[in-house]
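So the protein lines, in turn, are chains S, A, V and U.
Position one of the first sequence corresponds to residue 2 (my numbering), numbered consecutively onward.
Position one of the second sequence corresponds to residue 2 (my numbering), numbered consecutively onward.
Position one of the third sequence corresponds to residue 2 (my numbering), numbered consecutively onward.
Position one of the fourth sequence corresponds to residue 2 (my numbering), numbered consecutively onward.
4 protein chains.
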Amino acid sequence: MKKTKIGVVGVSGRMGQEIVKVIEANPRCELFYPLHRDEKWDSKKAAKVDVWIDFSSPEALKDVLKRAAEHKTPVVCGTTGFSKKEKDLLSQYAKKIPVLWSSNMSLGVAVLNEALKSLSAISHFDFQIEELHHNRKKDKPSGTAITLQENLEKAVQKKLPEPVAIRGGGIFGVHKIYSMSDEEVLVFEHTALNRTVFAKGAVQAAEWLVKQKPGLYQIRDVLFGKNKA
Amino acid sequence: MKKTKIGVVGVSGRMGQEIVKVIEANPRCELFYPLHRDEKWDSKKAAKVDVWIDFSSPEALKDVLKRAAEHKTPVVCGTTGFSKKEKDLLSQYAKKIPVLWSSNMSLGVAVLNEALKSLSAISHFDFQIEELHHNRKKDKPSGTAITLQENLEKAVQKKLPEPVAIRGGGIFGVHKIYSMSDEEVLVFEHTALNRTVFAKGAVQAAEWLVKQKPGLYQIRDVLFGKNKA
Amino acid sequence: MKKTKIGVVGVSGRMGQEIVKVIEANPRCELFYPLHRDEKWDSKKAAKVDVWIDFSSPEALKDVLKRAAEHKTPVVCGTTGFSKKEKDLLSQYAKKIPVLWSSNMSLGVAVLNEALKSLSAISHFDFQIEELHHNRKKDKPSGTAITLQENLEKAVQKKLPEPVAIRGGGIFGVHKIYSMSDEEVLVFEHTALNRTVFAKGAVQAAEWLVKQKPGLYQIRDVLFGKNKA
Amino acid sequence: MKKTKIGVVGVSGRMGQEIVKVIEANPRCELFYPLHRDEKWDSKKAAKVDVWIDFSSPEALKDVLKRAAEHKTPVVCGTTGFSKKEKDLLSQYAKKIPVLWSSNMSLGVAVLNEALKSLSAISHFDFQIEELHHNRKKDKPSGTAITLQENLEKAVQKKLPEPVAIRGGGIFGVHKIYSMSDEEVLVFEHTALNRTVFAKGAVQAAEWLVKQKPGLYQIRDVLFGKNKA
């Protein structure tokens, strides 16, 4: 079996390190091009990469996409903190190459985003998203909560109150969706136990993305097929 | 607008009383034939009933179905504690009239049964169903937990450990589905706040059932359409 | 056995009705003087009351205390939404008669206020209080959350972030205390299932208060003795 | 300042490694005698150890205690799976040296064991302990749940139903105490986020134990003083 040749941008970062570990433990993948920050670009080597995984920074995104597009190589991007400008960039390049971006690469959060569609059947309920993270996390609400909120508002066809955010200790990442009526309460809750969760999702996404046509994808599409909504 | 004429079997029971309240508060419905236990059957009046709601007892089921079938009247049945015999009876009559039976009539539990289908995408996780009820509840696990278990085993295509049951105080009814991997935990949780939740679901089901063809339905079908799975 | 003669102020209100039910179900108590809003005051009858229970309104408080003090009758007060003025009034009358005020009369919340003292041993943790209530509740955070916050700040000797409040559906009342470090998370959580919880606490407090000396008490003192902290 | 000289039994085990890391990060402590399994005993070096930490195995316990007692050195023991025989051994040696044993060394679980004393005020409630752990954990219920159960039964003066155990994924360790009445539910819940939690507790206990007299201690005593109950 031919192994999927993976290039990793920002390999020395915290997430880069996790991704390397997951690739090395995965017999179907090969860490083909680990690219360090400020490392010189080797176009010849890059041409042989099957798929890039990038968790570096919003600033690096443009370069990553440009270089990947040179060789029509798909890109899995897990960077958060994107403004409209970066999101437009993703859409633009998605016309030429397969681009997968998710604010949260975990399988469980992808399932959460799928499961919340069932809430459209009880759109008359009240809804509230809540997230808990460690005390070093500065952005509020989390990117994942923002995505959940967008998808939930689409599902129940109404504007919802802002997500609630709690910060404390070393909580790795908890996201909850409350659905509440006078008679019942539904809670969908996701807890990330460690950082590996995102690396595993990204690598699974990379293996899937090499078989896709150009387009903008989400981790949800890996599990449930391209989402038309 | 023509109101839906509802017949209620076992109108003096606890659930019967709740159903009466919900019907009376619903401008689209009329409490047309409240039938007390041991009350003599009025076939002429029964002929005009649009739909029956029955929360009485497994023993009464046969009579209810037989009489409803006389006039081709749909039946919503919320009785629990059915053996295979009663379930066969439901299937048999469902060939002649629309029959809707659910071990739990709440909309939220119907959503839970729909949402759990998304767990098929992470079927390699570990799963566990848990339920909590008041200390007067004798059956373990609850009928709702059994249905969730059946649907979950179908979704993830494997045999799962028995549901866990906790009994105490006046807890009205909590059901949880745990999905657990080495990296993350998903919990889907439903809490019933009061008894009205079942009455509201039953009446909503009754309004929907009058427009259906003969067949065996679940509360889930009211929200999401007839489930082929 | 001599029954405790209870006077209830605002007997026709929602909480007044609950209190009447609990008194009537309690063989040690007697509903001696149910006082309706705007009912004329009968000083002779009031003289025989053993203890007053008042859930009426901040505005009524002054009158209630004044009249109770005439006959040295203890007062259990469960009204919320008090400003500093009303709290001063309670303290002032507490020099003459036993006065018990709590923003939440449930036994469980009293236990929560006691249990949180143990958190002083891990005061280096991060803390966060959260509360969930139905969508008709306007004040944020709840009076109970404010009291928990005061007691928690006293226990851990530091200023904490504001309580977080969620509103939705018919949630009767949930309060949580999160204690979070890099290695572990403790959650103390209280859920009120119905309104009776407050009435039961108030009546238990009333039975206890008739045996106390003048002073300002809390529901916690009924369970754990007068709190010196 | 003189550093606390710590000896670690079973230094190459998983917990041993964690303890080494925590000692090395603690400026008040020194990893003085890291003892590997089957390493020859150096009595001269052992004489200078201020306190032993042992997470090795029930089998090793006797040797550890015997050797520590030779030099009157306190022992912190975090091994679980003890039978009555090992517990008797601990009690016996506790007459000669300070011995601290807890089935769970985390501060949070110690707080939980303290906080549950407040439940004695609502001993008429129903109670249930629940624990969740990863799918490699074989013993059911966990040692921590057993200790919580013993302490809870002492607090509420009645026999309680067996703890409920859930196994799945990589859940590090969750323990819950449910207190339930017809009107309210209290849940005290502890979640361990990682293994460091036990190492940190053990080292904090070691620093405290060097100042104690002979006796059998628990991690609770480190936080709240010797428990007489």
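Think of the CB as a built atom: it goes at the ideal place given N, C-alpha and C, for glycine as much as any other residue.
- Counting along the chain, no alpha helix (DSSP H) covers Ala193 (chain U); the unbroken beta strand (DSSP E) around it starts and ends at 185 to 193.
- Shown here for Gly169 (chain A): same chain residues with a beta carbon closer than 6 Å to its own, the five before and five after excluded, namely Asn136 in chain order.
- By the beta-carbon neighbour count (other beta carbons within 10 angstroms, threshold 16), Arg15 (chain A) is exposed.
- In its chain, beyond the 5 residues on either side, Thr5, Asp51, Val52, Pro75 have a beta carbon closer than 7 Å to the beta carbon of Val211 (chain S).
- No Cβ-Cβ contact shorter than 7 Å links Ala116 (chain A) with Ala203 (chain S).
- Inter-residue distance for Lys63 (chain S) and Lys46 (chain S) is about 19 Å (C-alpha atoms, whole angstroms).
- Annotated as proximal: Val175 (chain S) and Leu133 (chain S), with beta-carbon spacing under 7 Å.
- Within chain A, no residue has its beta carbon less than 9 Å from that of Leu224 (chain V); the closest one is some 17 Å off.
- Counting only runs of at least 3 residues, the segment 85 to 118 of chain U fully encloses the following beta strand (DSSP E) elements, listed from N- to C-terminal order: 99 to 102.
- Taking a cut-off of 8 Å on C-beta distances, the segment 175 to 194 of chain V touches the segment 182 to 202 of chain U, as three or more cross pairs fall below it.
- Taking 7 Å as the Cβ-Cβ cut-off, the segment 193 to 215 of chain S approaches chain U at Leu194, given in chain order.
- Look at Ile167 (chain S) here: in three-state DSSP terms it is strand.
- Taking a beta-carbon distance threshold of 7 Å, Gly174 (chain A) does not count as an interface residue toward chain V.
- Put simply, the segment 136 to 146 of chain A does not touch the segment 150 to 162 of chain U. Fewer than three CB pairs are less than 8 Å apart.
- The continuous stretches of alpha helix (DSSP H) do not include Val211 (chain V), and DSSP gives it neither H nor E.
- For Lys85 (chain V), same chain residues with a beta-carbon under 7 Å away, outside a window of 5 residues either side, do not exist.
- Not flagged as an interface residue toward chain S: Ser124 (chain V), since no C-beta distance is shorter than 7 Å.
- Taking the beta carbon of His191 (chain A) as reference, the chain S residues within 7 Å of it are Glu185, Leu187, listed in sequence order.
- Relative to the Cα of Asp222 (chain A), the nearest Cα in the group A:Arg68, A:Ile123, A:Ser103 belongs to A:Ser103.
- Among the residues of chain A, those whose CB is under 8 Å from the CB of Glu115 (chain S) are Ser119, Ala122, following chain order.
- Not one beta carbon of chain S lies nearer than 7 Å to the beta carbon of Gly169 (chain U).
- For Thr197 (chain V), same chain residues with a beta-carbon under 7 Å away, outside a window of 5 residues either side, are Glu19, Val23 in chain order.
- Closest by C-alpha distance to Lys201 (chain A), out of A:Gly11, A:Val21, A:Thr80, A:Pro59, is A:Val21.
- Secondary structure of Val50 (chain A) (DSSP, three-state): coil.
- Of the candidates V:Cys78, V:Gln129, V:Ala111, the residue whose Cα lies closest to the Cα of Lys160 (chain V) is V:Gln129.
- DSSP places Asp140 (chain U) outside any beta strand (DSSP E), giving it a letter other than H or E.
- Between the C-alpha atoms of Ser182 (chain V) and Leu224 (chain A) there is a straight-line separation of about 43 Å.
- Within 9 Å of the CB of Gly109 (chain S), the CB atoms of chain A belong to Ile123, Phe126, Ser180, Ser182, Glu184, Glu185, Val186, Leu187, in sequence order along the chain.
- Residues of chain V with a Cβ closer than 9 Å to the Cβ of Val157 (chain S) do not exist, since the nearest Cβ in that chain sits about 13 Å away.
- Remark: C-beta atoms of Ala156 (chain U) and Lys118 (chain U) approach each other more closely than 7 Å.
- For Phe126 (chain V), the secondary structure class from DSSP, reduced to helix, strand or coil, is coil.
- Here DSSP, grouped into helix, strand and coil, assigns Phe225 (chain U) to helix.
- In this structure, the beta-carbon distance from Ser57 (chain V) to His37 (chain V) does not fall below 7 Å.
- Listed by position along chain V, the residues whose Cβ is nearer than 9 Å to that of Val21 (chain U) form an empty set, because the closest Cβ is around 16 Å away.
- Interface flag for Asn136 (chain U) against chain A is set, since a Cβ pair is found closer than 7 Å.
- Contacts with chain V at 7 Å (Cβ-Cβ) do not include Val77 (chain U).
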